[in-house]
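> Numbering (the working numbering), first residue to last: 454 to 635.
One structure is given below, represented as structure tokens, and several questions about it will come after.
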């Protein structure tokens, strides 16, 4: 079961990373963000991403506290990172909508969480991964979770050329005022 979960998580990670890297290298023929939301595009983007998250979660459960970290640290740091991360992700989805979260064009959001970060949902997802690394203290979940963090750090680079094309000077001005992450 562990090998299967690691394979599913790893292949999902590679698939998603290949989409992001392709889009960074070929912004005019990007795969992310999508030009329009269709069932097929939603599936090739979101199914692997969800499989990656689920694999990391289950691997962490199967290998719970392999590192032997104390409960006060795991629950005191990891738990809040996960909870706050989820709150921020869902607040971001609520703010820009499900379709914009999925890559569809919407109005440029520069208020709320977007006043402090151009990518608050990615930052929150990174917090969730980091929180799970700490809470689960799992050697099996660690490499996939770290790769997931790397992927989330790369993802904005695939979106920025498109955002510049769509929003022009408004986006450029926004980039001057607000950092990419924090």
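Where is the CB? At the ideal position from N, CA and C, for every residue including glycine.
Sorted by chain position, which residues of the same chain lie with C-beta nearer than 8 Å to residue 615's C-beta, five sequence neighbours on each side aside?
Position 162 of the chain shown holds residue 615. Closer than 8 Å at the Cβ level, and outside the excluded window around residue 615, lie 480, 483 and 486.
> Have a look at residue 468 and residue 536 and give me their C-alpha separation to the nearest angstrom.
By 1-based counting over the chain shown, the position of residue 468 is 15. By 1-based counting over the chain shown, the position of residue 536 is 83. Spanning the two alpha carbons is a distance of roughly 27 Å.
> Could you tell me whether the segment 458-466 touches the segment 508-515, where touching means 3 or more Cβ pairs closer than 8 Å?
Counting Cβ pairs under 8 Å, three or more are found: they touch.
> Is the beta carbon of residue 578 closer than 7 Å to that of residue 605?
Translated into positions along the chain shown, residue 605 becomes position 152. Translated into positions along the chain shown, residue 578 becomes position 125. Yes; because the gap between Cβ atoms is below 7 Å, this pair is in contact.
> Could you tell me the boundaries of the alpha helix (DSSP H) in which residue 614 lies?
Position 161 of the chain shown holds residue 614. Here the alpha helix (DSSP H) through residue 614 covers 595-620.
> Please go through the same chain and pick out, in chain order, the residues whose beta-carbon is closer than 8 Å to the beta-carbon of residue 580, but skip the five residues on each side of it.
Residue numbering aside, residue 580 sits at position 127 when the chain shown is read from its first letter. The residues are 534, 535, 537, 538 and 541.
> Can you tell me the Cα-Cα spacing of residue 617 and residue 610, whole angstroms?
Reading the chain shown from its first residue, position 164 is the one you call residue 617. Reading the chain shown from its first residue, position 157 is the one you call residue 610. So the two alpha carbons sit approximately 11 Å from each other.
> Inspect the beta-carbon positions of residue 532 and residue 574 and report whether they are closer than 7 Å.
As a position in the chain shown, residue 532 is number 79, starting the count at 1. As a position in the chain shown, residue 574 is number 121, starting the count at 1. Not a contact, by the Cβ cut-off of 7 Å.
> Residue 516 and residue 593 look like a contact to me (Cβ under 8 Å); what is the Cβ gap, rounded to whole Å?
Numbered from 1 along the chain shown, position 63 holds the residue referred to as residue 516. Numbered from 1 along the chain shown, position 140 holds the residue referred to as residue 593. About 4 Å; that satisfies the 8 Å criterion.
> Straight-line CA distance for residue 492 to residue 502?
Taking the chain shown and counting its residues from 1, one reaches residue 492 at position 39. Taking the chain shown and counting its residues from 1, one reaches residue 502 at position 49. Those two C-alpha atoms are separated by around 15 Å.
> Would DSSP call residue 454 helix, strand or coil?
Taking the chain shown and counting its residues from 1, the one referred to as residue 454 is at position 1. Correct three-state label for residue 454: coil.
> Report the option in 504, 519, 489 and 560 whose CA atom is closest to the CA atom of residue 623.
Counting from one through the chain shown, the residue named residue 623 turns up at place 170. The shortest C-alpha separation from residue 623 is found at 560.
> Leaving out the 5 sequence neighbours to the left and right, which residues in its chain are closer than 7 Å to residue 562 when beta-carbon positions are compared?
By 1-based counting over the chain shown, the position of residue 562 is 109. Excluding sequence neighbours, residue 562 sits near 548 and 549.
> For a test of the three-state rule: what should DSSP assign to residue 562, helix, strand or coil?
Position 109 of the chain shown holds residue 562. Of the three classes helix, strand and coil, the one that applies to residue 562 here is coil, per DSSP.
> So for residue 521, helix, strand or coil by DSSP?
Position 68 of the chain shown, counted from the first residue, corresponds to residue 521. Residue 521 falls in the coil class under three-state DSSP.
> Given a threshold of 16 other Cβ atoms within 10 Å of its Cβ, counted over all protein chains shown, does residue 465 qualify as buried or as exposed?
Residue 465 sits at position 12 when you count from the first residue of the chain shown. With 16 or more Cβ atoms within 10 Å of its Cβ, residue 465 is classed as buried.
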